[in-house]
Structures are given as structure tokens and as C-alpha cells.
Amino acid sequence: MKSSAFWCSLLFGIAIFNLKVVCRPQDLELDYVGDEEEDYENDYDDAPYKGPAPVMKSKNETITAKLGSTVNLPCDVDNSKSFVLMWLNASVPQAPTPMWIDNIRQMSKDERINKLSDNSIEIKDVSSNDAGIYLCKLMSQPELSVYHTLVIEAPLPPGTKPTITSFKPGKEISVKKGSDVFLSCIASGNPAPKITWSKNDNRNNDARIQEDGTSLTIDSVTRKNAGIYTCNAHNSIGSDSKSVTVHVHYAPEIEMDDFYSTNDDEVSINLICTVHATPRAKVTWLKDGKAIPQSQQMVNEKNKYTLHLAKVKPSDFGEYTCEASNKEGHSKESRLISGKPKKPVLQTIKDPLDGKKSGMVWTVQSYSNSPTTEYELMYKTKQEPEWKIQRNNLIDDEKNNRVIDIKHEFESTLPSAEYETKIRVKNKYGWSEYSEVHFFTKDEDGVLSESSLLESADRGSAAEFRISIVFVTCLSFALLYC
């Protein structure tokens, strides 16, 4: 490997080239008379916003107001003047009602409700009809928003058990994967009830619950956020609860496995396709791109779809695909059923058996009972650019050719060093894939021991990281003067 000094020199030279040659034409363009106005127009026509990013400083709140009072709903946003700001009544999440767009009043003509210069909403002489959820949204990229839940307080006598007076969005809600969910729960009682949330499968770690419990927010939902959410309100007198079912609609997500079993000279294979999807997906099996007709070899159980291949023969070989689709999208996963051996898996590195040779043992599986005829081993030291290749014939002495061990012994003349190696195996149907690359060390006594692949990778990554730092530094130096 070349030294760090070499790489630094090379990259520094590239940076200087960039400074002297690549950057120079930009300077020369300034010498042309009459281009300034044209450049100005090109730069500023439909130019994207380049100022400081807007910041939403207000937080979701539950605001309690007494009948007849005046209440203020804040929406404090820094750097908002270049964007449209909207206020909506979001008490019905599926159909929020616009109230204000910038300083223009929308559907509501209620003179009690006004937008102030600090972007807040003021509601005078509040009534019970004003209770609900209010949304302030800044149409930036990304959008910024804040929700406020307005509770109208009416005096209750002591010893009143909790009652959930407002629960949004109702008994169920359907949302698309990646969208946000906002649930609101307002309860009355005396003493004031404590509000808590629960989920039927206890997996709501992604949810943000307001300090007083009156709202629950989930950002960018996934299928794991689907379920039944329950709001519980309780005090020393009693309790009340309400639930909402959250449906998350998303394109199919597929997990595929293959299992095979043997009986004498016959092999059977089960291809199992687990499909997660809402709405429920339509699932089709294909072989080599052509749909397989429905038959008894297909078994469906809930979201698991199994294709059973009994007594596999060469005509069954091919690429099998599980394809699933619903109105949100489609997905597919494939498995290749072939007579070729599967990718070899390293089992062990052997110590010298006779004081002269050390070896490695791989296990190879196959769907067919075709005997393996040869294997190809490739190895090299870490410093060598080219692989050394060694091919050996295999003797068919296995009763079951579907699972065999490949044993390779290295000659004692192999120099002491760190090596990397990989192997593939052949039968009448062709070559398998190469195994994973494995690292081993041969010491002066001829003993083989496995090297840490992770350690070797880390050393390479560290070197690349150091070179990357040098590159970024040199490039930054050049761009600074462009």
C-alpha cells in the first residue's frame, strides 16, 4: 500500500490543479462586459429561498380557558416572512378548516377570532363551541407546525368522576406511511383527572406525549405504529377511557425464506413468503417471470404464503418470485432454485495433522443430488494484487451429495504470512458462487489460525478515512480561493 505521504502529495496536486485551472475560468468570465445584467437575471429568476431556516419556537399546548374569557393561541416562528403561514381548525383531522392564510380571513367570519401581528390567534368571549384542536402551519420546506388543544373550563362540584369530553379523531383513523398522527384527549373531573396513554401491543416508544397527557403525536408513522391507542383518565373518584384504532396504509414489505427436506434420493422445498401490507396485498408466485397457476402446492395462512415443491427435479429449477401489490404500491422478492451447489460456508481451520500440512474445511449444500466434481480455491497475501488459483478434483465418496465437506490442505512450503482465500464448487449443473473471503495467518511452525475479518476491514477503513480527511482538507483549501 502506498504511504499516506504519497496520497497527500497526489491529492494536494489535484487541489492545486483545481485552484489554477478549474477555478480560473470563473474569474475570466468577470472580464466580459455586458454579462452582469444577464447573470443577475439568471441568478434571481425563480431563485429558491437562501436565507436562514425558519424555526418553530412554539410547542404543542393544551390551553384551558373559562367561558367568556379571551384566549391567545401562540405561533412563534423565526425567519417566517418569506413563507405562507396558515391557521386551521383541525378538530376534524381528515378535513381541517382554514381560518387564516397569512393575513386573509378564510371561511370563518367570526369577528371574535383574529390573527395578531405576532402570528398568534386571539379568541374573545370564548364559548363551549370553541373547544377543539387548532393548527398553525408554516409552508416551508420542510413544513413546520404546532397544535394547540383548547379546553373550555366549566366549574364542577367536588367529587366528580372523570369524563372524557373530547377525543379526537374518533374511533379510528387511516393514514399513509410516513405521515404524522395527532391524537387528542380532554377530560373533566374534580379532582382534575390524570391522563395516560396505552397501546394494545405496548409498542408506542415513538410517540411523543404532552406533559399533561392531553395529546399524543407520532411523527412519520410506520407499520409498527398501527394499533389501538387508549386514553385513560382517572382521579380518586373513578376513571374513564376511550380508544382509537390507527390504520397505517403502506406498500407491501416482503420477507422470504426457503427450507428443504430430503427423503432418500428426493428433495422437497418450501418457499415461504411473509407479506406485511395494509390494505391486504394480492400475492402472486412467478417462475422465471411467468405466473404460476393456483394449485394445491400453494398454501396461504394469514400473511404467510407458501409454495411447496415436492420431489424437485431439473425441470423445477429456475427463479421463483413472490410478488405482492396493493393500492399503495408493490414489492417482490426472489429465490433461485438451481442444481448448482450453494455458496460454500467455512466450518473450521485445522491444525497440522501430520506435522506437514494444515487445512480448511467448508460445507456445501445443494438442492440436487448431483455429485460435486471439483473445487477452485483462490488465495493470496494481502500485499499481492493477483489471486493464485488452485483447482482440485473431488472423489464422489458421499452417500448424500446434498451436504458435503470440502477439505483443502496447504503444503508446508506455503510461506508464513497473512492470507485471504475464497472457494467455489462445481457439479454437472455448473459452479457455485464464491464463498465469503476469509482471512488466515500461517505462522513459522506451519499452524493456520483465522485472522479477524473485522480487524482487517477496520484497518482498511481507517486508512481510507485518513485519506478522505486529507482529500477534504486539500479540496477545501482549493475551493477557498476559487
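Just so you know, the sequence shown maps onto residues -23 to -1, 1 to 459 in mature numbering (1 follows the signal peptide of the UniProt record, and there is no 0).
The C-beta atom is built at its ideal place from N, Cα and C for all residues, glycine as well.
No experiment lies behind these values; they were computed from the predicted model shown.
### Query
CA-CA distance, residue 222 and residue 314?
Cα to Cα, the separation comes out at about 42 Å.
### Query
Is it true that the CB of residue 163 sits closer than 7 Å to the CB of residue 142?
Judged by their CB atoms, residue 142 and residue 163 are nearer to each other than the 7 Å cut-off.
### Task
For residue 421, write down the residues that DSSP places opposite it in a beta bridge.
Answer is none; residue 421 lacks a bridge partner.
#### Entry: Residue range of the unbroken beta strand (DSSP E) whose run includes residue 294
Residue 294 -> no beta strand (DSSP E), and no H or E assigned at all.
### Message
In whole angstroms, give me the CA-to-CA distance for residue 401 and residue 114.
### Response
Distance between the alpha carbons of residue 401 and residue 114 is about 60 Å.
### Message
Residues in the same chain with beta-carbon distance under 7 Å from residue 312, minus the five sequence neighbours each way, listed in chain order, please.
### Response
Excluding five sequence positions before and after residue 312, the CB atoms of its chain that fall closer than 7 Å to its own CB belong to 233, 235, 248, 297, given in chain order.
### Query
To the nearest angstrom, how far is it from the Cα of residue 98 to the Cα of residue 283?
In a straight line, the C-alpha of residue 98 is about 58 Å away from that of residue 283.
### Query
Quick check: the stretch 298 to 307 against the stretch 244 to 258, are there 3 or more CB pairs under 8 Å?
Segments in contact, yes.
### Message
So within the stretch 144 to 168, which uninterrupted beta strand (DSSP E) runs reach at least 3 residues, ignoring any that extend past its ends?
### Response
List check, beta strand (DSSP E) in window: 149 to 153, 158 to 167.
### Task
Would you tell me roughly how many angstroms separate the C-alpha atoms of residue 78 and residue 112, rounded to the nearest one?
If I take the Cα positions, the gap works out to 12 Å.
### Cβ-Cβ separation, residue 274 to residue 286 (assumed contact under 8 Å), whole Å
Rounded, the Cβ-Cβ distance is 7 Å, consistent with contact.
### Query
Taking DSSP as the reference, what is the three-state secondary structure of residue 257?
Shown here, residue 257 sits in coil according to DSSP, grouped into three states, outside any helix or strand.
### Query
So the beta strand (DSSP E) residue 209 belongs to, where does it begin and stop?
First-last of the beta strand (DSSP E) with residue 209: 204 to 211.
### Task
Spatial neighbours of residue 278 within its chain, please: CB distance less than 6 Å, with the 5 preceding and 5 following residues excluded, ordered by chain position.
Cβ contact annotation for residue 278 (same chain, cutoff 6 Å, sequence separation greater than five): none.
### Query
Taking the alpha-carbon positions, what's the residue 53 to residue 260 distance?
If I take the Cα positions, the gap works out to 49 Å.
### Query
From residue 32 to residue 61, what distance separates their C-alpha atoms?
Going by the C-alpha atoms only, they are around 14 Å apart.
### Message
Which same chain residues end up closer than 8 Å to residue 363 when comparing Cβ atoms and leaving out the 5 residues on each side of it in sequence?
### Response
Same-chain partners within the cutoff: 357.
### Query
Taking the C-alpha atoms as reference points, what is the distance between residue 214 and residue 136?
Their Cα atoms are separated by approximately 6 Å.
### Task
Give the DSSP-derived three-state secondary structure of residue 312 in the structure shown.
Strand at residue 312.
### Message
Please classify residue 125 as buried or exposed, where buried requires at least 16 neighbouring CB atoms within 10 angstroms.
### Response
With a 10 Å radius around the Cβ and a threshold of 16 neighbouring Cβ atoms, residue 125 comes out buried.
### Query
If you compare alpha carbons, which of 318, 186, 152 is closest to residue 207?
Checked all of 318, 186, 152; the closest Cα to residue 207 is 186.
### Query
residue 13 by DSSP, collapsed to three states: which one?
Its pLDDT being 39, under 50, residue 13 is placed unreliably by the model, and nothing is read from it.
### Message
Quick check on residue 310: buried or exposed, where buried means 16 or more other Cβ atoms within 10 Å of its Cβ?
### Response
Buried, since its Cβ has 16 or more Cβ neighbours within 10 Å.
### Message
On the criterion of 16 or more Cβ atoms from any shown chain inside 10 Å, does residue 205 qualify as buried, or is it exposed?
### Response
Its Cβ having fewer than 16 others within 10 Å, residue 205 is exposed.
### Query
In its own chain, which residues sit with a C-beta less than 6 Å from the C-beta of residue 411, not counting the 5 before and 5 after it?
Excluding positions up to five away in sequence, the list reads 399, 401.
### Task
Please confirm whether residue 172 and residue 210 have their CB atoms less than 7 Å apart.
Residue 172 is a Cβ neighbour of residue 210, given a cutoff of 7 Å.
### Task
Compare the Cα-Cα distances from residue 395 to each of 379, 416, 308 and report the closest residue.
Minimum Cα distance to residue 395 is reached at 416.
### Task
Rounded to whole angstroms, what's the CA-CA distance from residue 199 to residue 159? Just pull it up for me.
The alpha-carbon atoms of residue 199 and residue 159 are separated by roughly 14 Å.
### Message
Assuming the contact rule is C-beta atoms closer than 8 Å, residue 127 and residue 67 should be a hit. Round their C-beta distance to whole Å, please.
### Response
Rounded, the Cβ-Cβ distance is 11 Å, inconsistent with contact.
#### Entry: Which listed residue (325, 361, 326, 317) has its alpha carbon closest to that of residue 352
Of 325, 361, 326, 317, the residue nearest in Cα terms is 317.
### Task
Report the residue ranges of all beta strand (DSSP E) runs contained in full by the stretch 23 to 65; include only those spanning at least 3 residues, in chain order.
Taking only runs of at least 3 residues, the beta strand (DSSP E) segments lying wholly in the stretch 23 to 65 are 38 to 43, 48 to 50.
### Task
Would you kindly report the start and end of the unbroken beta strand (DSSP E) that includes residue 109?
In this chain, the beta strand (DSSP E) harbouring residue 109 covers 109 to 115.
### Own chain partners of residue 178 with C-beta closer than 8 Å, once the 5 adjacent residues on each side are dropped
In its chain, beyond the 5 residues on either side, 204 have a beta carbon closer than 8 Å to the beta carbon of residue 178.
### Task
Go through its chain and collect everything with a Cβ distance to residue 281's Cβ below 7 Å, but skip five positions before and after it.
In chain order, 249, 251 place their CB closer than 7 Å to the CB of residue 281, counting only its own chain and leaving out the 5 sequence neighbours on each side.
### Query
Going by other Cβ atoms of all chains shown within 10 Å of its Cβ, with 16 needed for buried, is residue 50 buried or exposed?
Counting Cβ neighbours within 10 Å, residue 50 comes out buried, since at least 16 surround it.
### Task
Determine the direct distance from the alpha carbon of residue 27 to that of residue 20, and round the result to whole angstroms.
Summary for residue 20: the model assigns pLDDT 42, below 50, so the residue's position carries little reliability; its value from the coordinates is reported in the next sentence. For residue 20 and residue 27, the distance between alpha carbons rounds to 12 Å.
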